[in-house]
Amino acid sequence: MLRLVFHDAGTYEMYENSGGMNGSIVYELDRPENAGLKKSLKVLEKAKTEVDAKQQGNKNLDILDPDSPGRLPQESLDASALKQTQELVTLSGAHTLGGKGFGNPNVFDNSYYKILLEKPWSSAAGMSSMIGLPSDRALAEDNECLRWIKAYADDQNLFFKDFKDAYIKLVNSGAKWRSP
Numbered sequence: 001m002l003r004l005v006f007h008d009a010g011t012y013e014m015y016e017n018s019g020g021m022n023g024s025i026v027y028e029l030d031r032p033e034n035a036g037l038k039k040s041l042k043v044l045e046k047a048k049t050e051v052d053a054k055q056q057g058n059k060n061l062d063i064l065d066p067d068s069p070g071r072l073p074q075e076s077l078d079a080s081a082l083k084q085t086q087e088l089v090t091l092s093g094a095h096t097l098g099g100k101g102f103g104n105p106n107v108f109d110n111s112y113y114k115i116l117l118e119k120p121w122s123s124a125a126g127m128s129s130m131i132g133l134p135s136d137r138a139l140a141e142d143n144e145c146l147r148w149i150k151a152y153a154d155d156q157n158l159f160f161k162d163f164k165d166a167y168i169k170l171v172n173s174g175a176k177w178r179s180p
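Each residue of the sequence shown is one higher than the last, beginning at 1 in full-length UniProt numbering.
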């Protein structure tokens, strides 16, 4: 679910004030970067039928046309191309969920950061293709990012607090809420 939200909200372009959390992800599921998100959308659709408007705060979100392709950061980018440092490192912690090799794929915790510090992809055991994305590895090679990686590896509560703040900011990027 976190990945689904990121792939919708992560398209926000601040200078053009376009993209972002607008629900257009439902039209973008066939794009390669969105592989595997259909299952999350089905879970959301089921929840949507079970929760009434009052529980959702009576907020409506206009679903616009799909965002143009290629707006999410590429998996192969290095840290300098990815940086808005603290929030980037914080939101990347969501990679602890799923099958990227960062701890228990069903537990949201700070194991992502602990494993980044170990740099298992540099071992002779050939773990490179099994652990994370090139962008994850790039974070661990960047001094500014490494400062946050160490902080979150040492303090899970700090990670949870900062993740909550960054995630709320991400979700609201480009969202156009209207009153009921």
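Cβ atoms here follow ideal geometry from the backbone N, Cα and C, with glycine treated the same way.
In three-state DSSP terms, what is Glu28?
coil
Pick out whichever of Asp165, Gly98, Leu37 has its Cα sitting closest to the Cα of Lys132.
The amino acid occupying residue 132 in the given sequence is Gly; Lys does not appear at that position. Nearest option by C-alpha distance: Gly98.
Sort Lys100, Asp109, Leu170 by Cα distance to Pro120 and report the nearest one.
Lys100
What are the boundary residues of the alpha helix (DSSP H) that includes Gln156?
156-172
Where Asp52 falls: helix, strand or coil (DSSP):
For Asp52, the predicted model reports a pLDDT of 43, less than 50, meaning its position is unreliable and no value from the coordinates is stated.
Among residues of its own chain, excluding the 5 on either side of Gln86, which ones have a beta-carbon nearer than 6 Å to its beta-carbon?
Trp148
Going by the beta-carbon positions, is the gap between Met21 and Asp8 smaller than 7 Å?
In this structure, Asp8 lies closer than 7 Å to Met21 by Cβ.
Rank Glu144, Leu2, Asn17 by C-alpha distance to the C-alpha of Gln84 and give the top, closest one.
Glu144
Would you tell me roughly how many angstroms separate the C-alpha atoms of Tyr12 and Leu117, rounded to the nearest one?
30 Å
Buried or exposed: where does Asp165 fall if 16 or more other Cβ atoms within 10 Å of its Cβ makes it buried?
exposed
Here's the rule: buried if 16 or more other CB atoms are within 10 angstroms of the residue's CB, otherwise exposed. What is Glu28?
buried
Alpha carbon of Gly36 to alpha carbon of Gly19, nearest angstrom:
21 Å
Rounded to whole angstroms, what's the CA-CA distance from Ser111 to Ile25? Just pull it up for me.
28 Å
Going by beta-carbon coordinates alone, are Asp162 and Thr96 separated by less than 7 Å?
no
Reference Tyr113; option with closest CA among Ser92, Pro105, Asn106:
Ser92
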